[in-house]
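Take a look at the structure set out below.
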Amino acid sequence: MSIKEQIRLTVNADKVSVPIYVGNDIYADVKTIASINDYSKVGVLMDKNVAYHWGESIRKVLRKNAIYIIVPAGEENKTLAAAGNVLATLLKHGFDRKSLLINFGGGMICDLGGFAASTYMRGIAFVNMPTTLLAQTDAAIGGKTGVDFNGFKNMVGSFAHPKAIICDSLLLSTLPEREFRSGFAEVIKHALVADKKLFHTLAEESFGAMDEDKLAEILLQSCGIKCNVVSKDANEKGLRKILNFGHTIGHAIEMLSHDTRNPLLHGEAISIGMIAEARLSLLSGLISKEDFKKIEDIIEKAELPSRISKSYKNKIYAKMMGDKKNERNIIKWVLLKGIGKAVIDEEQPGKLINKAIEYILI
Ligand SMILES: NC(=O)c1ccc[n+]([C@@H]2O[C@H](COP(=O)([O-])OP(=O)(O)OC[C@H]3O[C@@H](n4cnc5c(N)ncnc54)[C@H](O)[C@@H]3O)[C@@H](O)[C@H]2O)c1
Ligand SMILES: [Zn+2]
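Offset between the sequence shown (1-based) and our numbering: plus 179.
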């Protein structure tokens, strides 16, 4: 049986209101949610892994009413050339301004397909049907699309919102466990910066025992947080920055790990970053030792990494300083002021930052 709840992402500045459907076993509803009969053509963009696991199921739902576009999986394929191939396929099949693209995949597919749809004939309608935990609670929501370019992540892109977003917890059942855990780091982050109640729910959950209905409930809350934050700060001037918690140090670790034989997934690096930035919050007197311990415990329980090799020691700071988001070489931190509450634009002395980094080294 499917449960389905609807929330909305409303961005007044952009005059958009995007319905987000969250539930267990609801993907077949895409036919009605996306009103596919209203469009001249419908395309479904998937990567090879999603096509392998869910290609047959989606074909049974949409049958011959859709064109299926399958691209290679992986971030290395989120390129302008790949977007060009998608555009060429749309053109070949006669897609026009009244056509629709359904992005059925992880964040890579939502970003790539959103970009292709938003530029094809200056923009056609698209729907996001995310299939990873990261994409369901983060990448599919918020209107950012794009591809990597000349070695820079998300360097070319657009702002465009989908007509609807469908988050089905059933689709996560085939996700490799490591990917699932990595996505879970972002769910923990949402709880830490905005929702104490969700934090307690997560702290009580055990991974193995979480069924798809329970997961759908957690998804609903996590998506709700992203919606709320984006709605209030569409231009990333203030509140939206809280979503960067764990990402200042985490992003540096992620990039550094890509030069090693053990590259970390995004959420894995962020979970180490969250420990370091929670430590910084503790060192600057913003959170208690008890809260810090709770944060360490939840990350440990989710079997996410919390430490990184000593060999990273001097590289993390240097990498962070090179981040283009810094103004005048000053890092503006997102810190916690308790569980479920974040503060932005905090400046911190180098001594404390080093101490926080020291803490995560083994
Ligand atoms: N636009 C935004 O606001 C935003 C926000 C965060 C991240 N992102 C982007 O999202 C991307 C990362 O997203 P991701 O972690 O979902 O990566 P991804 O899309 O590459 O998916 C990860 C892996 O899981 C596989 N997969 C996806 N769904 C599956 C399923 N249901 N069953 C089995 N395998 C499945 C994929 O084929 C891939 O190998 C990055 O490119 C990042 O830049 C965008
Ligand atoms: Zn992230």
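C-beta atoms are modelled at their ideal positions from N, C-alpha and C, and glycine is treated no differently.
> What does the shell around ligand 2 hold, if a residue joins when its beta-carbon is under 6 Å from any heavy atom?
Replying inline: Glu365, His426, His445, Ile449
>> If contacts are defined as beta-carbon pairs under 8 Å, then isoleucine 288 and leucine 224 qualify, I think. What distance do you get, rounded to the angstrom?
In response: Within the sequence shown, residue 288 is the residue found at index 109, counting from 1. Within the sequence shown, residue 224 is the residue found at index 45, counting from 1. Confirmed, about 6 Å.
> Which whole-angstrom value describes the C-beta separation of alanine 481 and phenylalanine 363, a residue pair presumed to lie in contact below a C-beta threshold of 8 Å?
Replying inline: Taking the first residue of the sequence shown as 1, we reach residue 481 at position 302. Taking the first residue of the sequence shown as 1, we reach residue 363 at position 184. Yes, they are in contact, since the Cβ atoms of alanine 481 and phenylalanine 363 sit about 5 Å apart, within 8 Å.
>> Along the chain, where does the beta strand (DSSP E) containing aspartate 327 start, and where does it finish?
In response: On the sequence shown, position 148 is the one that residue 327 refers to. Here the beta strand (DSSP E) through aspartate 327 covers 323-328.
>> Taking contact to mean 3 or more Cβ pairs, one atom from each stretch, closer than 8 Å, check whether the stretch 335-345 and the stretch 423-437 are in contact.
In response: no
>> Which residue wins for smallest C-alpha separation from threonine 316, given the options Phe359, Glu184, Lys194, Leu398?
In response: For this step, residue 316 is matched to residue 137 along the sequence shown. It is Leu398 whose Cα lies nearest to the Cα of threonine 316.
>> Rounded to whole angstroms, what is the Cα-Cα separation between phenylalanine 294 and glycine 517?
In response: Taking the first residue of the sequence shown as 1, we reach residue 294 at position 115. Taking the first residue of the sequence shown as 1, we reach residue 517 at position 338. In a straight line, the C-alpha of phenylalanine 294 is about 37 Å away from that of glycine 517.
> Got a sec: does ligand 1 put a non-hydrogen atom nearer than 7 Å to the Cβ of alanine 230?
Replying inline: Within the sequence shown, numbered from 1, the residue matching residue 230 stands at position 51. Alanine 230: no, Cβ never under 7 Å from ligand 1.
> Closest by CA to serine 490, which one among Asp470, Gly501, Thr439, Gly284?
Replying inline: Taking the first residue of the sequence shown as position 1, residue 490 is located at position 311. For serine 490, the nearest C-alpha among the options comes from Thr439.
>> In the DSSP output, which residue or residues are listed as bridge partners for leucine 540?
In response: Here the question's residue 540 lines up with position 361 in the sequence shown. Leucine 540 pairs with Ile487.
> Is any heavy atom of ligand 1 found at a distance shorter than 7 Å from the C-beta of glutamate 415?
Replying inline: Here the question's residue 415 lines up with position 236 in the sequence shown. No, Cβ of glutamate 415 sits at least 7 Å from all heavy atoms of ligand 1.
> Can isoleucine 523 be considered in contact with ligand 1, in the sense that its beta carbon sits closer than 7 Å to one or more heavy atoms?
Replying inline: Translated into the one-based positions of the sequence shown, residue 523 becomes position 344. No, ligand 1 has no heavy atom inside 7 Å of this Cβ.
> Which residues in the same chain as aspartate 412 place their Cβ atom closer than 6 Å to its Cβ, once the five residues preceding and following it in sequence are excluded?
Replying inline: The residue given as residue 412 occupies position 233 in the sequence shown. Around aspartate 412: Leu418, Arg419.
>> 8 Å is my cut-off, CB to CB: does methionine 499 come that close to chain C?
In response: Reference to chain C is not applicable here, since this structure consists of a single protein chain.
> Just to confirm, does glycine 202 get its C-beta within under 7 Å of one of the non-hydrogen atoms of ligand 1?
Replying inline: Mapped onto the sequence shown, residue 202 falls at position 23. Glycine 202 Cβ: outside cutoff for every heavy atom of ligand 1.
> What residue does the beta strand (DSSP E) around threonine 200 start on, and which one ends it?
Replying inline: For the purposes of this step, residue 200 is taken as the residue at position 21 of the sequence shown. Strictly speaking, residue 200 in this sequence is tyrosine, with threonine absent from that position. Element bounds for tyrosine 200: 195-203.
>> Is isoleucine 288 close to ligand 1? I mean its beta-carbon at under 7 Å from any heavy atom of the ligand.
In response: For this step, residue 288 is matched to residue 109 along the sequence shown. Answer for isoleucine 288: yes, Cβ within range of ligand 1.
> Three-state secondary structure (DSSP) at alanine 192?
Replying inline: Looking up residue 192 in the sequence shown gives position 13. Looking at alanine 192 - three-state DSSP - the assignment turns out to be coil, as it is neither helix nor strand.
>> For ligand 1, is there any heavy atom lying closer than 7 Å to the beta carbon of proline 341?
In response: Translated into positions along the sequence shown, residue 341 becomes position 162. Not under cutoff, so the answer is no.
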